[in-house]
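Asks:
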Amino acid sequence: MTPRSRPTYNIAMVSDFFFPQPGGVESHIYQLSTKLRDRGHKVIIITHAYEGRTGVRYLTNGIKVYHVPFLVVYRSASFPTVFSFFPIFRNIVLREKIDIVHGHASLSSLCHEAILHARTMGLRTVYTDHSLFGFADAASIFANKLLKFSLSDVDHVICVSHTCKENTVLRASLDPLMVSVIPNAVVAENFRPLEDSEVQNGMFKGHPAPVRPPGPDDMITIVVISRLFYNKGTDLLTAAIPRILENHPNTRFIIAGDGPKAIDLEQMIEQNVLQDRVEMLGPIRHEEVRDVMVRGHIYLHPSLTEAFGTVIVEAASCGLYVVCTQVGGIPEVLPSHMTVFAKPEEDDLVEATGRAIAAIRANKVRTELFHEQVKSMYSWTNVATRTERVYDGISGAISEEEFYGYEAVDGWSATRGRSGVQSFALIDRLKRYYGCGIWAGKLFCLCVIVDYLIFLFLELWFPRDQIDICPDWPRKEPKERGKDAD
Amino acid sequence: MAPPPGPHIQSAIPSDTETPFPKLVRSSTLPASLPTSSRSSSLHHRSSSHLSPEDAYAPTSPPRRATPYANSAAGNGPSADDRRRIRHNDGSRSRSRRRKRFQKLLWVKQSYPDNYTDQATFLENLQRNPRVRPYDFWPLVADTTVIVQHVCSVIIFIVCFVGIFQERVSPVAVVGWSSFATFVGWLIWDYWVTQELQSLPPDHEARTLIGREYPPPPAPPPSLRRQDSTGPGRPSIATSIVTSTSNLPSAASSTTNLLQDQNASLQASQPQNNGENSTTTGSNGNGNGSSNNGENGNGSGNTLLVPGHPHSRSVSSLNSISSQASTTPNPANPPTPNVTTPPPSSRMYARISTIKSAILIYFTLLGLSPILKSLTRSTSSDSIWAMSFWLLALNIFFFDYSGTSWVGRGTGSSSSATAAAVAITSSSHAPGPGPGMKKKKMPVASLSTNAALMASTVLASRLPSTGQVFSLTLFSIEVFGLFPVFRQLARHRSWRYHVLLTVALVCGAGAGVGIILGDPARPCEAVGVSGELGVS
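Each protein sequence line maps, in turn, to chains X and R. When you line the first sequence up against the UniProt record's numbering, it's residues 1 to 486, in that order. When you line the second sequence up against the UniProt record's numbering, it's residues 1 to 536, in that order.
1) Is there at least one Cβ from chain X nearer than 7 Å to lysine 100/R's Cβ?
2) Please confirm if proline 176/X has its CB atom under 7 Å from at least one CB of chain R.
3) In chain order, what residues of the same chain have a beta carbon less than 6 Å from the beta carbon of isoleucine 98/X, not counting five sequence neighbours either side?
4) Is phenylalanine 486/R near tryptophan 177/R, with beta carbons less than 7 Å apart?
5) Which chain R residues are close to histidine 162/X, counting only those with a beta carbon under 7 Å from its beta carbon?
6) Between serine 180/X and chain R, is the shortest Cβ-Cβ distance under 7 Å, so that the two count as touching?
7) How long is the line joining the alpha carbons of phenylalanine 183/R and leucine 517/R, rounded to whole angstroms?
8) Quick check: what's the CA-CA separation for valine 224/X versus aspartate 218/X?
9) Could you tell me the boundaries of the alpha helix (DSSP H) in which glutamate 246/X lies?
10) Would you kindly work out how many angstroms separate the C-alpha atoms of isoleucine 46/X and valine 93/X, rounded to a whole number?
11) Between the Cα of leucine 123/X and those of Phe89/X, Ser140/X and Phe229/X, spot the shortest distance and give me the residue it belongs to.
12) Taking 6 Å as the cut-off, does the CB of aspartate 472/X come closer than this to any heavy atom belonging to the ligand ZN?
13) Among the candidates Gln103/R, Leu501/R, Ile156/R and Ala490/R, whose CA atom is the shortest distance from the CA of aspartate 118/R?
14) Residues of chain R with CB closer than 7 Å to the CB of glutamate 388/X, please, in chain order.
15) Output the distance between the C-alpha atoms of valine 322/X and methionine 268/X, rounded to the nearest integer angstrom.
16) Could you tell me the alpha carbon to alpha carbon distance between isoleucine 384/R and leucine 151/X, rounded to whole angstroms?
17) Taking the C-alpha atoms as reference points, what is the distance between lysine 261/X and glutamate 477/X?
18) If you run the structure through DSSP and keep just helix, strand and coil, what is arginine 37/X?
19) Which residues in the same chain have their Cβ closer than 6 Å to the Cβ of histidine 156/X, if we skip the five residues on either side of it in sequence?
20) Could you spell out the range, first to last residue, of the alpha helix (DSSP H) harbouring leucine 281/X?
21) Could you tell me the alpha carbon to alpha carbon distance between valine 72/X and phenylalanine 17/X, rounded to whole angstroms?
22) Would you say methionine 121/X reaches chain B, if we count a Cβ-Cβ gap shorter than 7 Å as a contact?
23) So, using beta-carbon positions, are leucine 320/X and glycine 354/X closer together than 7 Å?
24) Do three or more CB pairs link the region 323-340 of chain X to the region 251-261 of chain X at distances below 8 Å?
25) Since isoleucine 155/R contacts alanine 509/R with CB under 8 Å, what's their CB separation in whole angstroms?
26) Assign asparagine 167/X to one of three DSSP states: helix, strand, or coil.
27) So with Cβ pairs under 7 Å, would you call proline 335/X a contact of chain R?
28) Go ahead and label serine 388/R buried or exposed: buried means 16 or more other beta carbons lie within 10 angstroms of its beta carbon, across all protein chains shown.
29) In angstroms with no decimal places, state the Cα-to-Cα distance between threonine 340/R and isoleucine 361/R.
30) Pop quiz: phenylalanine 483/R and valine 174/R are said to be a contact at Cβ under 8 Å. What is the actual Cβ separation, rounded to whole angstroms?
31) If you reduce the DSSP assignment to three classes, tell me which class asparagine 250/X lands in.
32) Please decide whether proline 193/X counts as near chain R, where near means a Cβ-Cβ distance under 7 Å.
33) Kindly indicate if chain R contains any beta-carbon less than 7 Å away from that of methionine 377/X.
34) Can you look up serine 78/X in the DSSP assignment and give me helix, strand or coil?
35) Which same chain residues end up closer than 6 Å to asparagine 363/X when comparing Cβ atoms and leaving out the 5 residues on each side of it in sequence?
36) Tell me which same chain residues have a C-beta within less than 8 Å of the C-beta of isoleucine 63/X, skipping the five on either side of it?
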């Protein structure tokens, strides 16, 4: 808005989950980092060491990745030691002159530790939540307590959907104003619909190319790509497939993905003798997802919980009609003409799939337009712009009243103090942590004090001036704010 | 959570990209600091911002939904005007511009900042404790009677043991009275079952028989278990397969295949069953067995389904359990006339077989008593007390209080008759975590009975004479093996019987404990023993 020069930041993305492991969080971090680089910021990524990936690596666009050696306990989440990450983290942060620490994924202990240490060191912190959690069972209660600990002193939180925001606000007792909703995005170029040239080039080795638009007797292919876990609704799928195939002749399923529930699906196929109508591809790489998707007409997403559901955006971008359960953030993601919603129960899922098949057969759905529409809805550049506004807000580059609204200026807020951004004073931080619970609050305060003492010790033992400053990768020309929404 | 259908997609997507983010007002997002334009509603609001117990189980109860925010969301409430006024800085611009309503959608580019929190829609779908069920006091008390009954019967058993142990009660009296009570109970039980069977349509008869005649099984030995899982359970598998597969007409050929496969496997397992039958009865030829098979495969299974009497079943298995516990070779071949071809008056036959097995078990126990007496004699008394305490505690904790084996099995269609049937039906029909449900019927019920009989066996070794051992063991079989069966049916039958039984048991247990503790004759020993045992 104002022609002042736009500030650029040194940002450290911290998460346990990063390449080479595939997944939604991983690609989110990478895409966001790339676009932030494009906007003139400096981005480094801190993750734990993977097999064959240790030390420092550079990715495309000059993104530097630090693979910190850490013990991995479960599904590539590192072992939660509250303090042990601090020395190396401090070293990296000082070496790279980091201003903002941006943690990802609530199951990543690396992320939470980094947020704690960053606040101790006086850095701004942002946290992005990618998932929904329950409130009822013991594991969730414990996880939510830890999240509350970590987020008591975070500057801003980003959630991928409005439902996710509500969930996170409730779980971590946050002020809703300090939670932004910035959706995921897709690289629409990687999810193009099938082109005629591809069909002629024989991309479908042995597979019949899908007929578009399908006539009343043409084969309709329903694609399912998901990890086959309970929370992805594989049980629902197992129950629904025989009924769908029974109700609709000339339909078939392609199921890609792997997981503990794959055996149930295979049993279902065996029991109902559906080998010729259900094809199970097993695990596929993310690059192959598009090639599988374009073989179908309908994408079925039976998930039981989902914060955003990137895969249904990818499916719509490939020109598939989407049948999905109405859970979590899914209803917010796609417009209603691209989707058929079902309640997460067997009967409704079967019925909704039936409606989708009927609509496709009647040629009522203009799937060929989906790609352009999705492209205009979601782009990573947009995500990066909106994330940048969050950075501006927490570092004071845009005024508090602009960022939070007016009343926050007048009243003193416990979360933000008088300066509009969160105060780094230890006593203020302790106040925030103390409110976490009768026992937990005191325990958390103890942790923070210990963390602070470690910080002082590190300052003495490894003085700042003895840490080398690493030279920057040449930055890109920062684009003017607001002129980039493509 | 249904989004408003987006008819204006084309307009929504490209527009609004360069509109500046409007100011966000804290008052518009935080309910606590809302300018209370309407005084009357402020009190209501305050009460609703805190959780009250009713919120826990109001079905969909975000209390905010009914508050004035909803009105203000429509944009015409007075509070909306207030908000506009607060937004004074560049309010002229934003007021002049007709703003679209905030939508909880991600694919629409909206003119709201990312951290905008819309008070009308924020948390509107929040459900607090959707699955919580409020408990009322008296139904809860009524439900505890099952546990009370069982605890009381355990206490009565302990009291009787202490009485026998201190030689204050004649063991003959104990076993005489209890046997008499058991006999009367059996008569009542038999009357009830007959009545129920007559009231049911003949189609259901078979199934109820399956369910009814097999109370929570006290862990039959493998031979018995195989028999009863193949005998009466098998037809229900057949029927369930028929139902589950006949629902799939699309894959017609495959279903017939499947059916044939299953029938083949059925027949493969049947001859073995019939072989046993013929060996036990001797009169049952092979041809007869195969004709049974034919009927069986048809799924009606009406004639084959009359198994033995439950008393005989449980008694025989109990017998073998106690003999297993005493680590002697099983002397009494379990009486297995129960799966033979049924005579026309199946009830009469069942009665006779029950009496037969009762006599058999009586004499078996009589023969076993000397062995049981000396079995754990060398173990010190302290260990025995501790062990029997833990075993009885195990019995109480793992007892099958549900009683669903009566009701649920009888009326349920094809579920839970056998685990296999459940597996087949659930994998093809039940959604969600279906496969996990079939583990519901756990073997802990038999664990409970086994623990109690073990306790009685170890306690019996403290008794000096064979007669006492015999009476205690027989009494324990009656209390732990047969009495629960009667209690369950009484509860199923009529609530009044259940309450009466509970009251009687509580009185009996209380009186027994009082007599044992109140006797000044041998205070230390009585207190020592019953204090040790009475805890359980």
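We treat Cβ as the ideally placed atom computed from N, Cα and C, and that holds for glycine.
Replies: Put simply:
1) Lysine 100/R does not count as touching chain X.
2) Yes - at least one Cβ of chain R is within 7 Å of the one on proline 176/X.
3) Within the same chain, isoleucine 98/X has close Cβ partners Asn10 and Ala12.
4) Taking 7 Å as the cut-off, the Cβ atoms of phenylalanine 486/R and tryptophan 177/R do not count as close.
5) Within chain R, the residues near histidine 162/X are Lys104.
6) It does; some Cβ of chain R falls within 7 Å.
7) For the pair phenylalanine 183/R and leucine 517/R, the Cα-to-Cα distance works out to about 30 Å.
8) Valine 224/X and aspartate 218/X: Cα-Cα distance of roughly 19 Å.
9) Taken as a continuous stretch (DSSP letters only), the alpha helix (DSSP H) holding glutamate 246/X covers 234-247.
10) Spanning the two alpha carbons is a distance of roughly 10 Å.
11) Here the closest residue by C-alpha is Phe89/X.
12) With respect to small molecules bound, the structure shown includes none, and the ligand ZN cannot be examined in it.
13) Of the listed residues, the one whose Cα sits closest to aspartate 118/R is Gln103/R.
14) Within chain R, no C-beta atom comes less than 7 Å from the C-beta of glutamate 388/X; the nearest is roughly 11 Å away.
15) Straight-line Cα distance between these residues: approximately 23 Å.
16) Distance from the CA of isoleucine 384/R to the CA of leucine 151/X, rounded to the nearest whole angstrom, comes to 56 Å.
17) Taking the straight line joining both Cα atoms gives about 49 Å.
18) In the structure shown, arginine 37/X sits in a helix (DSSP, three-state: H, G or I).
19) Within the same chain, histidine 156/X has close Cβ partners Val126, Met178, Val390 and Ile394.
20) For leucine 281/X, there is no enclosing alpha helix (DSSP H); the enclosing beta strand (DSSP E) has its first and last residue at 278-282.
21) Between valine 72/X and phenylalanine 17/X, the C-alpha separation is close to 11 Å.
22) Protein chains X and R are contained in the structure displayed, whereas chain B is not.
23) Not in contact: leucine 320/X and glycine 354/X (Cβ atoms no closer than 7 Å).
24) In short, these stretches do not touch, since the Cβ pair count stays below three.
25) Rounded, the Cβ-Cβ distance is 4 Å, consistent with contact.
26) DSSP places asparagine 167/X in the helix class (H, G or I) of the three-state scheme.
27) Chain R contact via Cβ: present.
28) With 16 or more neighbouring CB atoms inside 10 Å of its own CB, serine 388/R falls in the buried class.
29) Confidence is the limiting factor: at threonine 340/R the pLDDT is only 42, short of 50, which leaves the residue's position unreliable, though a coordinate-based value still follows. Distance between the alpha carbons of threonine 340/R and isoleucine 361/R: 20 Å.
30) Going by Cβ atoms, the distance from phenylalanine 483/R to valine 174/R rounds to 14 Å, so no, they are not a contact pair.
31) When DSSP states are grouped into helix, strand and coil, asparagine 250/X belongs to the coil group.
32) By the rule that beta-carbons nearer than 7 Å mark a contact, proline 193/X does not touch chain R.
33) For methionine 377/X, the answer is yes, since a Cβ of chain R falls inside 7 Å of its Cβ.
34) Strand.
35) Correct list, in chain order: Pro213.
36) So the list reads Tyr30, Ser33, Thr34, Arg37, Val43, Ile44 and Ile45, once near-sequence residues are dropped.
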